[in-house]
Every structure is written in C-alpha cells, then in structure tokens.
Amino acid sequence: MTSPVPRPARRRLDAALDGLAVTFRGMTARPDEHNCECHWGSAEDVARLKVPDVELYDDLLQRTWRAPDWSDHASVLRRILPQFARSLVAGRIEAFLGPEEIGRSFDRGQWQQWPDEQAAAVREFLHAWWSHTLTDPAPAVPAHELLALNVEASGTLTPWLTHWETQTGAPATRHLAEAAAHWEYDLLVDELPWGAWDAWDDEGEKRAELTTWLLDHARPRLIAHGAPGELLHRIRLLGLTGPARWEDPHWPGRRY
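With the working numbering applied, the sequence shown closes on residue 264, and no number is skipped along the way.
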C-alpha cells in the first residue's frame with residue numbers, strides 16, 4: 009500500500025488552484041478575438057471564450073490552449089487558466105507533441121509579464137504542482153514530463169532541479185530514477201530529451217545543465233538508493249566525450 013501524498017504539498021496545491029480561480033475570475037478573451045472556423049472551431053465556440061467563468065467542454069478547452077494563432081493569446085490563456093490548471097493536475101490534458109507543448113502555451117501568453125498578482129498566481133501554481141508531484145508516489149503527470157512543461161513555461165531549468173534536490177523522500181528519488189531512464193537515450197547523443205521552444209538559442213545550455221546535474225547530484229543519490237547498475241553506467245557515460253563514450257563497454261548496443 010502506497011503512502012498518501014504529504015498533506016502540506018496537497019494543501020499548497022489546492023490553495024494555488026483556488027488562487028488562480030480568484031485571480032482570474034471574470035476574465036474573457038478580447039471582444040474581437042477570432043479564429044479559423046475550418047481548423048479551430050465555430051463562432052459559437054469563440055463566443056464562449058468571451059463569456060467569463062463558464063466551464064468549457066473538454067474538446068473546446070483542448071483546442072483553445074493548443075491554438076498558436078490567437079491575436080491575444082494572453083487574454084485567452086487568462087480566460088481558461090483556472091479550468092486548464094485543474095485539468096492539468098488531474099492529467100486530463102492531452103499533449104500530442106509532448107508536455108513541452110503545454111509549457112509553450114504558457115510561454116506564448118507571456119505570463120511572467122502580467123500584472124504582479126496574476127504572474128504570482130501562475131508562478132505559485134507551477135511551483136506548488138511541482139512540489140506536489142515530487143512527493144506523490146503516483147502523480148497524474150510524471151515528474152520528467154512536468155519538468156519539461158515547467159522549463160518551457162518559465163524559460164529556466166535551474167529552480168526546478170534545485171527544488172528536486174531538496175526533496176529526499178522515496179517518491180522523489182523514485183521519480184529521479186524514472187526520469188534518468190527516460191532522459192539517457194537522448195542525452196547520450198547530446199540532445200535535450202524534450203523539444204525546446206528556443207532550441208536554436210540555448211538548447212545546448214539546458215542540455216549541459218541537465219547533464220551536469222545528473223552527474224553531480226542524481227548519480228550519487230541513485231547509487232545510495234541502489235539504482236540498477238546499467239542506469240548508473242549510462243549516466244556515467246554522460247561525463248565522457250567522443251570515442252571514450254561510445255567505445256566504453258557499457259555503451260548501449262542500439263541504433264539511434
């Protein structure tokens with residue numbers, strides 16, 4: 009039987025969701041907002057976005073956050089954010105291109121430039137969700153997926169990894185092992201294990217930071233907790249370059 013999520017983490021997340029509901033109550037899309045009826049949806053659906061505080065049916069919510077071509081994405085995101093956040097936490101949002109696609113919707117809305125109260129509510133939600141996930145034995149969204157979402161939403165990797173270091177309980181360590189197993193395939197060929205929005209600018213920087221963190225923090229922690237030897241070797245290989253990496257006896261025999 010798995011232990012329950014620690015109450016403080018759940019209470020913090022619930023408070024953050026309530027904070028979004030209060031902060032963004034009454035928000036609507038712009039009166040002149042529109043989208044393509046052939047590819048996005050009907051005029052009736054757009055009209056729903058201009059009415060505050062009315063729940064959207066699931067498919068409309070899904071189409072709305074994903075659409076990249078709103079004239080004012082920030083207003084649309086503020087309109088859907090309370091419902092969107094609850095659906096995210098429950099694992100009901102489908103990201104066909106990966107969780108980073110959700111993070112890009114936040115980024116397109118430029119939420120960090122919103123008025124202080126609004127930006128603070130979004131920031132607290134993302135951090136509360138992250139803290140809750142790391143302490144949850146079975147989160148609806150795996151930690152490695154939420155990390156990609158948060159990095160793309162915030163534009164930075166550092167605070168999320170720093171917080172992971174402080175979470176030393178069994179769930180956080182198990183999530184770390186699962187994440188490392190998910191990431192090593194791409195990192196071993198020097199690629200970030202999710203599609204970065206700003207790949208041309210600093211994908212290499214984020215990849216280097218994640219690699220260093222796995223070597224300096226994750227590997228010692230996983231060794232101490234008895235992680236599989238093959239996983240530990242593949243993390244070790246990240247510290248090697250060129251022939252030293254792919255000629256190592258533990259280089260995975262697979263095609264890329």
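Glycine included, each C-beta is placed from N, C-alpha and C at the ideal position. Please read all numbers here as calculations on a predicted model, not as lab measurements.
Checklist line | Outcome for T254 when other beta-carbon atoms lying within 10 angstroms are tallied against a minimum of 16 | finding: As a working note, residue 254 is residue 246 in the sequence shown. Reading off the sequence, residue 254 comes out as Trp, not Thr. Classification for W254: exposed.
Next item on the list: Grab the span of the alpha helix (DSSP H) containing E125 for me, first residue to last.
Entry: Counting from 1 along the sequence shown, the entry for residue 125 is found at position 117. Counting along the chain, the alpha helix (DSSP H) containing E125 begins and ends at D124 to T143.
Next item on the list: Might you give, ordered along the chain, the residues of its own chain that have their beta carbon closer than 7 Å to the beta carbon of A235, omitting 5 neighbours on each side?
Entry: Against the sequence shown, residue 235 aligns to sequence position 227. Taking C-beta separations shorter than 7 Å and ignoring five residues to either side along the sequence, the partners of A235 in its chain run A185, following chain order.
Next item on the list: Would you mind sorting E52 into buried or exposed? The rule is 16 or more other CB atoms within 10 Å of its CB.
Entry: Taking the first residue of the sequence shown as 1, we reach residue 52 at position 44. E52 is exposed by the Cβ-count criterion.
Notebook entry, point to check: Is the region 169–189 touching the region 111–131, taking contact as three or more C-beta pairs under 8 Å?
Noted result: As far as the Cβ criterion goes, the region 169–189 does not touch the region 111–131, which means the pair count is below three.
Item checked: Inter-residue spacing [alpha-carbon to alpha-carbon] between A151 and W221 -> Counted from its first residue, the sequence shown places residue 151 at position 143. Counted from its first residue, the sequence shown places residue 221 at position 213. Looking at the two C-alpha atoms, the distance is approximately 16 Å.
Margin query: Given this structure, state the Cα-to-Cα distance separating L248 from P260, to the nearest angstrom.
Written below: For this step, residue 248 is matched to residue 240 along the sequence shown. For this step, residue 260 is matched to residue 252 along the sequence shown. Distance between the alpha carbons of L248 and P260: 14 Å.
Note to self: Excluding the 5 residues flanking L165 on each side, which residues of the same chain have their C-beta closer than 6 Å to its C-beta?
What the structure shows: Within the sequence shown, numbered from 1, the residue matching residue 165 stands at position 157. Once the five neighbours on either side are set aside, the close Cβ partners of L165 are V159, K214 and E217.
Check: Should L118 be labelled buried (16 or more other beta-carbon atoms within 10 Å of its own) or exposed?
Finding: Taking the first residue of the sequence shown as 1, we reach residue 118 at position 110. One point to set straight first is that residue 118 is Gln, not Leu, in the sequence displayed. Sixteen is the threshold: since fewer than 16 other Cβ atoms of the shown chains lie within 10 Å of the Cβ of Q118, the residue is exposed.
Checklist line | CA-to-CA distance, Q91 to K58, given in whole angstroms | finding: On the sequence shown, residue 58 is found 50 positions in, with the first residue counted as 1. On the sequence shown, residue 91 is found 83 positions in, with the first residue counted as 1. If you draw a straight line from the Cα of K58 to the Cα of Q91, it is about 15 Å long.
Next item on the list: Spatial neighbours of T181 within its chain, please: CB distance less than 8 Å, with the 5 preceding and 5 following residues excluded, ordered by chain position.
Entry: Here residue 181 corresponds to residue number 173 of the sequence shown, with the count starting at 1. In chain order, R229, L230 and H233 place their CB closer than 8 Å to the CB of T181, counting only its own chain and leaving out the 5 sequence neighbours on each side.
Note to self: Alpha carbons only, please: which of T176, H241 and E41 is nearest the one belonging to D77?
What the structure shows: By one-based count along the sequence shown, residue 77 stands at place 69. The alpha carbon of D77 has as its nearest neighbour, out of T176, H241 and E41, the alpha carbon of E41.
Notebook entry, point to check: For the putative contact between S139 and R20, defined by C-beta atoms under 8 Å, what is the C-beta separation to the nearest angstrom?
Noted result: In the sequence shown, the residue the question calls residue 139 occupies position 131. In the sequence shown, the residue the question calls residue 20 occupies position 12. With 8 Å as the limit, S139 and R20 qualify as a contact, their Cβ atoms being about 6 Å apart.
Checklist line | Closer than 8 Å to chain D by CB, R131 | finding: Looking at the structure shown, chain D is missing, and only one protein chain is on hand.
Next item on the list: Return the CA-CA distance between D194 and A188, expressed in angstroms with no decimal places.
Entry: Indexing the sequence shown from 1 puts residue 194 at position 186. Indexing the sequence shown from 1 puts residue 188 at position 180. If I take the Cα positions, the gap works out to 11 Å.
Checklist line | E192 vs R242 beta-carbon contact at 8 Å | finding: In the sequence shown, counting from the first residue as 1, residue 192 sits at position 184. In the sequence shown, counting from the first residue as 1, residue 242 sits at position 234. Contact: yes.
Margin query: Going by DSSP, what residue range makes up the alpha helix (DSSP H) through D66?
Written below: As a first step, residue 66 is located in the sequence shown; it is residue number 58 there, counting from the start. Unbroken alpha helix (DSSP H) run through D66: D66 to R74.
Check: Which residues in the same chain have their Cβ closer than 6 Å to the Cβ of L155, if we skip the five residues on either side of it in sequence?
Finding: Position 147 of the sequence shown, counted from the first residue, corresponds to residue 155. Close CB contacts of L155 within its chain, under the 6 Å cut and outside five residues either way in sequence, are with W168 (chain order).
Check: Got a sec? Which residues, its chain only, sit under 6 Å from G111 by beta carbon, not counting five neighbours each side?
Finding: To locate residue 111, count along the sequence shown from 1; it is residue 103. L157, E160 and A161, listed in sequence order.
Note to self: Please classify G99 as buried or exposed, where buried requires at least 16 neighbouring CB atoms within 10 angstroms.
What the structure shows: Reading the sequence shown from its first residue, position 91 is the one you call residue 99. G99 comes out exposed.
Margin query: Using only the alpha-carbon positions, how far apart do A207 and A178 sit?
Written below: As a working note, residue 207 is residue 199 in the sequence shown. As a working note, residue 178 is residue 170 in the sequence shown. Low local confidence applies: a pLDDT of 49 at A207 is under 50, so the model's placement there is unreliable, with the coordinate-based value given in what follows. When rounded, the distance between both Cα atoms is 33 Å.
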